[in-house]
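Visitor: For our numbering, count along the sequence shown from 1 and bump the result up by 39. Yeah, the Cβ is synthetic: ideal placement off N, Cα and C, and Gly gets one too.
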Amino acid sequence: MSPEREEGESVNNHPSESLHRILGKNPVRSVSWIFLIVFALFSAWNINALFYEGNTRSRSILLDVLPGDSFRKVITKMYEEGITHYPETLVFWGEILGIDTNIRSGEYGISGDMSPIRVLMDLHEGQKYFYKVTIPEGFTLNQVAKRLSSIGMGSRAAILKIAQDPAFVKSLGIDSTSLEGYLFPDTYFFPRMATPSDAFRMMVSRFWHDMNKDKKQKMEREHLSVEEMVTLASIVQEETGNPKDMPYVASVFMNRLTRHMRLQSDPTVIYALNGRRHLHSRDLQVDSPYNTYKYPGLPPTPIASPGEQAIEAVLSPRETPFLYFVSDGHGGHLYAETLKDQDAHIRKLIRSKKEP
Numbered sequence: 040m041s042p043e044r045e046e047g048e049s050v051n052n053h054p055s056e057s058l059h060r061i062l063g064k065n066p067v068r069s070v071s072w073i074f075l076i077v078f079a080l081f082s083a084w085n086i087n088a089l090f091y092e093g094n095t096r097s098r099s100i101l102l103d104v105l106p107g108d109s110f111r112k113v114i115t116k117m118y119e120e121g122i123t124h125y126p127e128t129l130v131f132w133g134e135i136l137g138i139d140t141n142i143r144s145g146e147y148g149i150s151g152d153m154s155p156i157r158v159l160m161d162l163h164e165g166q167k168y169f170y171k172v173t174i175p176e177g178f179t180l181n182q183v184a185k186r187l188s189s190i191g192m193g194s195r196a197a198i199l200k201i202a203q204d205p206a207f208v209k210s211l212g213i214d215s216t217s218l219e220g221y222l223f224p225d226t227y228f229f230p231r232m233a234t235p236s237d238a239f240r241m242m243v244s245r246f247w248h249d250m251n252k253d254k255k256q257k258m259e260r261e262h263l264s265v266e267e268m269v270t271l272a273s274i275v276q277e278e279t280g281n282p283k284d285m286p287y288v289a290s291v292f293m294n295r296l297t298r299h300m301r302l303q304s305d306p307t308v309i310y311a312l313n314g315r316r317h318l319h320s321r322d323l324q325v326d327s328p329y330n331t332y333k334y335p336g337l338p339p340t341p342i343a344s345p346g347e348q349a350i351e352a353v354l355s356p357r358e359t360p361f362l363y364f365v366s367d368g369h370g371g372h373l374y375a376e377t378l379k380d381q382d383a384h385i386r387k388l389i390r391s392k393k394e395p
């Protein structure tokens with residue numbers, strides 16, 4: 040038995056009635072609206088797949104296109120290398136744009152922030168890499184300039200002048216006096232006509248590509264600006280190359296900053312002395328804002344290019360009471376909460392070196 044309808048209740052309670060009200064009773068108009076909605080969704084998905092989906096592995100890749108490789112095979116290689124999540128979309132648009140019939144063989148450098156359509160256009164136009172440059176973790180701006188100079192991009196002095204130009208630095212979204220610390224460690228592939236400015240743009244773009252939402256939230260949690268984060272990460276990078284130690288080293292520096300203690304970091308003094316590695320006690324008195332034995336707080340700028348692990352260590356340091364550390368001579372460190380414990384560690388290390 041059907042329940043009685045209340046006054047004013049619609050006779051037709053079919054779920055599709057609301058759709059009819061939205062699209063109208065005209066079937067042609069309804070089909071048109073459905074087509075437009077589907078087309079809009081399809082277009083948005085394709086635009087994302089073509090223009091905004093960068094290298095999913097967030098690193099530079101060397102894509103080798105062999106003579107005789109079919110377009111579909113090249114797209115498969117791109118998918119396997121993490122350049123795209125949507126190979127069929129690229130095949131579709133490659134055929135629409137006529138790129139599929141004119142792919143040039145060779146080795147192509149694919150940077151971490153290149154969109155799939157940009158990669159396709161490079162393959163179509165034959166924009167092969169000419170320069171291959173690796174920037175290791177911990178490289179200073181001076182070392183990067185020297186490396187770019189070694190492949191013919193100009194003199195080291197001219198390259199440094201570009202990297203220290205205030206207008207150029209600001210144009211890349213960096214609030215600092217130079218590009219020191221922002222040239223992300225990676226392997227880069229540059230076309231034949233690339234300039235130092237092109238190289239720097241690619242490296243800084245790689246840095247910003249790595250600064251995702253999660254990292255920005257962690258910076259806010261640690262009350263760090265981008266410049267402060269990069270500066271501290273560069274010190275951690277120079278103090279240790281051991282990823283397991285980095286969160287502990289970062290913890291020590293964070294604890295010292297919280298207590299308004301001087302960082303007393305050797306790498307900052309080395310930077311002040313233009314890279315001279317063998318320090319003497321008198322060097323710790325050098326009058327430089329980078330001398331963290333003499334001046335409290337962070338140095339004015341980063342001292343090198345920190346890698347991903349050093350950055351993550353600063354954003355997620357270990358929670359420890361430690362205020363001191365010393366190298367154990369085997370790639371690790373000994374940590375101490377008090378100066379007394381630190382001195383005991385040093386005496387123990389000295390004795391162990393004297394023992395046969």
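Might you give, ordered along the chain, the residues of its own chain that have their beta carbon closer than 7 angstroms to the beta carbon of Glu-261, omitting 5 neighbours on each side?
Guide: Reading the sequence shown from its first residue, position 222 is the one you call residue 261. Same-chain partners within the cutoff: Leu-354.
Visitor: From this set, Thr-115, Glu-376, Thr-123, Phe-110, which residue's C-alpha is nearest Ile-135's C-alpha?
Guide: For this step, residue 135 is matched to residue 96 along the sequence shown. Minimum Cα distance to Ile-135 is reached at Phe-110.
Visitor: Give the secondary structure of Asp-367 by DSSP, where H, G and I count as helix, E and B as strand, and everything else as coil.
Guide: Numbered from 1 along the sequence shown, position 328 holds the residue referred to as residue 367. Three-state result, Asp-367: coil.
Visitor: If Ala-375 sits next to Gly-220, beta carbons under 8 angstroms apart, how far is it from one beta carbon to the other, in whole angstroms?
Guide: Counting from one through the sequence shown, the residue named residue 375 turns up at place 336. Counting from one through the sequence shown, the residue named residue 220 turns up at place 181. Incorrect: roughly 29 angstroms between the Cβ atoms, too far for contact.
Visitor: Among Phe-223, Gln-182, Gly-212, Tyr-334, which residue has its Cα nearest to the Cα of Ile-350?
Guide: Residue numbering aside, residue 350 sits at position 311 when the sequence shown is read from its first letter. Measuring from the Cα of Ile-350, the nearest candidate turns out to be Phe-223.
Visitor: Under the rule that 16 or more other beta-carbon atoms within 10 Å means buried, what is Leu-337, buried or exposed?
Guide: Taking the first residue of the sequence shown as 1, we reach residue 337 at position 298. With 16 or more Cβ atoms within 10 Å of its Cβ, Leu-337 is classed as buried.
Visitor: What span of residues does the beta strand (DSSP E) with His-372 cover, start to end?
Guide: The residue labelled residue 372 in the question sits at position 333 within the sequence shown. Counting along the chain, the beta strand (DSSP E) containing His-372 begins and ends at 372 to 375.
Visitor: Which residues bound the alpha helix (DSSP H) around Ser-198?
Guide: Numbered from 1 along the sequence shown, position 159 holds the residue referred to as residue 198. Reading off the sequence, residue 198 comes out as Ile, not Ser. Where Ile-198 is concerned, the enclosing alpha helix (DSSP H) stretches over 195 to 202.
Visitor: Can you give me the start and stop residues for the alpha helix (DSSP H) that Glu-347 sits inside?
Guide: Working through the sequence shown from its first residue, we reach residue 347 at position 308. That run of the alpha helix (DSSP H) goes 347 to 354.
Visitor: With a CB to CB cut of under 7 angstroms and the five nearest residues on each side skipped, what residues in its chain are close to Val-183?
Guide: On the sequence shown, residue 183 is found 144 positions in, with the first residue counted as 1. Counting only Cβ-Cβ distances below 7 angstroms, and skipping sequence neighbours, we find Ile-174, Leu-222.
Visitor: On the DSSP bridge assignment, give the partners of Gly-148 in chain order.
Guide: For the purposes of this step, residue 148 is taken as residue 109 along the sequence shown, with counting starting at 1. In DSSP, Gly-148 forms a bridge with Leu-101.
Visitor: Check Ile-122 in the structure and name its three-state DSSP category.
Guide: To locate residue 122, count along the sequence shown from 1; it is residue 83. Coil.
Visitor: Is the segment 374 to 393 close to the segment 309 to 323, with three or more CB pairs under 8 angstroms?
Guide: Contact fails: fewer than three Cβ-Cβ distances are below 8 angstroms.
Visitor: Could you give the distance in angstroms between the alpha-carbon of Gly-280 and the alpha-carbon of Tyr-170?
Guide: Position 241 of the sequence shown holds residue 280. Position 131 of the sequence shown holds residue 170. Roughly 27 angstroms separates the two Cα atoms.
Visitor: Quick check: the Cα distance between Ala-197 and Ser-210, rounded to an integer number of angstroms?
Guide: Along the sequence shown, one-based indexing puts residue 197 at 158. Along the sequence shown, one-based indexing puts residue 210 at 171. When rounded, the distance between both Cα atoms is 19 angstroms.
Visitor: Is it the case that the Cβ atoms of Gly-370 and Leu-388 are separated by a distance below 8 angstroms?
Guide: Start at 1 with the first residue of the sequence shown, and residue 370 comes out as number 331. Start at 1 with the first residue of the sequence shown, and residue 388 comes out as number 349. Against a cut-off of 8 angstroms, the Cβ pair of Leu-388 and Gly-370 comes out as no contact.
Visitor: Quick check on the burial criterion: 16 or more other C-beta atoms within 10 angstroms. Buried or exposed for Glu-278?
Guide: The residue given as residue 278 occupies position 239 in the sequence shown. Buried, by the Cβ-count rule.
Visitor: State the DSSP-derived secondary structure class of Phe-169, mapped to helix, strand or coil.
Guide: Translated into positions along the sequence shown, residue 169 becomes position 130. Correct three-state label for Phe-169: strand.
Visitor: If you run the structure through DSSP and keep just helix, strand and coil, what is Asp-225?
Guide: Along the sequence shown, read from residue 1 onward, the residue named residue 225 stands at position 186. Here Asp-225 sits in strand by DSSP.
Visitor: Excluding five sequence neighbours on each side, which residues of the same chain lie with their C-beta closer than 7 angstroms to the C-beta of Pro-235?
Guide: What you label residue 235 is simply residue 196 of the sequence shown in a count that begins at 1. For Pro-235, where only same-chain residues beyond five positions count, the Cβ hits under 7 angstroms are Leu-187, Met-192, Gly-193, Ile-198, Ile-201.
Visitor: DSSP three-state label for Ile-114, please.
Guide: Along the sequence shown, read from residue 1 onward, the residue named residue 114 stands at position 75. Of the three classes helix, strand and coil, the one that applies to Ile-114 here is helix, per DSSP.
Visitor: Counting only runs of 4+ residues fully inside the segment 268 to 343, write out the alpha helix (DSSP H) ranges in chain order.
Guide: DSSP runs (the alpha helix (DSSP H)) wholly in the segment 268 to 343: 285 to 297, 305 to 311.
Visitor: How is Pro-230 classed by DSSP in three states: helix, strand or coil?
Guide: Your numbering for residue 230 matches position 191 in the sequence shown. In the structure shown, Pro-230 sits in a strand (DSSP, three-state: E or B).
Visitor: Answer with buried or exposed for Arg-231, where buried requires no fewer than 16 other C-beta atoms within 10 angstroms of its C-beta.
Guide: The count along the sequence shown starts at 1 and reaches residue 231 at position 192. So Arg-231 ends up on the exposed side.
Visitor: Please go through the same chain and pick out, in chain order, the residues whose beta-carbon is closer than 7 angstroms to the beta-carbon of Leu-101, but skip the five residues on each side of it.
Guide: Locating residue 101 in the sequence shown gives position 62, where the first residue counts as 1. Here the set comprises Glu-146, Gly-148, Phe-228.
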